[in-house]
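Chemist: Residues are numbered in my numbering as their position in the sequence shown, beginning at 1, plus a constant of 60.
Note that CB positions come from ideal geometry on N, CA and C, so glycine has one too.
Sharing a structure below in structure tokens format, with a few things to ask.
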Amino acid sequence: MDIKALAENLGLEEEEYLELADLLVDTGMADLDKIESAIKEGDTDTAAKAAHSIKGASGNLGIMDIYELAKTIEAELRNNNVASASTQLKEIKEKLESLAKLVKG
């Protein structure tokens, strides 16, 4: 991931971009917890909203691999395809953890 290029695309300094990416990691992990809890409770609407939040934040930062996964998870949840969405959760969590290592050092 080219942090410098992503930052430049948004007109930000690298440090500013890293702060936003760090915020994405923190909120994204919290949203993943919301998704998992909501799925256990059968609340696909709340789960889809949390996936939408991850999708929006990652898309705004140009982190398209996380964006695409969140988009898929949101669509699956809106269509009540919980099993399919659940299989994607591990992958998006791994992507967020990789991003965390990159931005947190």
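Answer yes or no: do K131 and K115 have a C-beta to C-beta separation smaller than 9 Å?
Modeler: Taking the sequence shown and counting its residues from 1, one reaches residue 131 at position 71. Taking the sequence shown and counting its residues from 1, one reaches residue 115 at position 55. Result yes, Cβ atoms of K131 and K115 sit closer than 9 Å.
Chemist: So is D105 buried or exposed if we call it buried at 16+ other beta carbons inside 10 Å?
Modeler: Here the question's residue 105 lines up with position 45 in the sequence shown. D105 comes out exposed.
Chemist: According to the Cβ coordinates, are A145 and A90 closer than 9 Å?
Modeler: Against the sequence shown, residue 145 aligns to sequence position 85. Against the sequence shown, residue 90 aligns to sequence position 30. Not closer than 9 Å, so no.
Chemist: Quick one: is the Cβ of A143 within less than 8 Å of any heavy atom of the ligand NAP?
Modeler: Annotation note on the ligand NAP: not contained in the displayed structure, which lists no ligands.
Chemist: Assign S118 to buried or exposed, taking buried as 16 or more other Cβ atoms, counted over all protein chains shown, within 10 Å of its Cβ.
Modeler: As a first step, residue 118 is located in the sequence shown; it is residue number 58 there, counting from the start. S118 should be labelled buried.
Chemist: State the Cα-Cα distance for the pair Q148 and K155, rounded to the nearest angstrom.
Modeler: By 1-based counting over the sequence shown, the position of residue 148 is 88. By 1-based counting over the sequence shown, the position of residue 155 is 95. Those two C-alpha atoms are separated by around 11 Å.
Chemist: State buried or exposed for A65, treating a residue as buried only when at least 16 other CB atoms are found within 10 Å of its CB.
Modeler: The count along the sequence shown starts at 1 and reaches residue 65 at position 5. So A65 counts as exposed.
Chemist: So what does DSSP say about D125, is it helix, strand or coil?
Modeler: On the sequence shown, residue 125 is found 65 positions in, with the first residue counted as 1. Helix at D125.
Chemist: Taking the CB atoms as reference points, tell me whether L121 and L162 lie closer together than 9 Å.
Modeler: Reading the sequence shown from its first residue, position 61 is the one you call residue 121. Reading the sequence shown from its first residue, position 102 is the one you call residue 162. Taking 9 Å as the Cβ cut-off, L121 and L162 do not qualify as a contacting pair.
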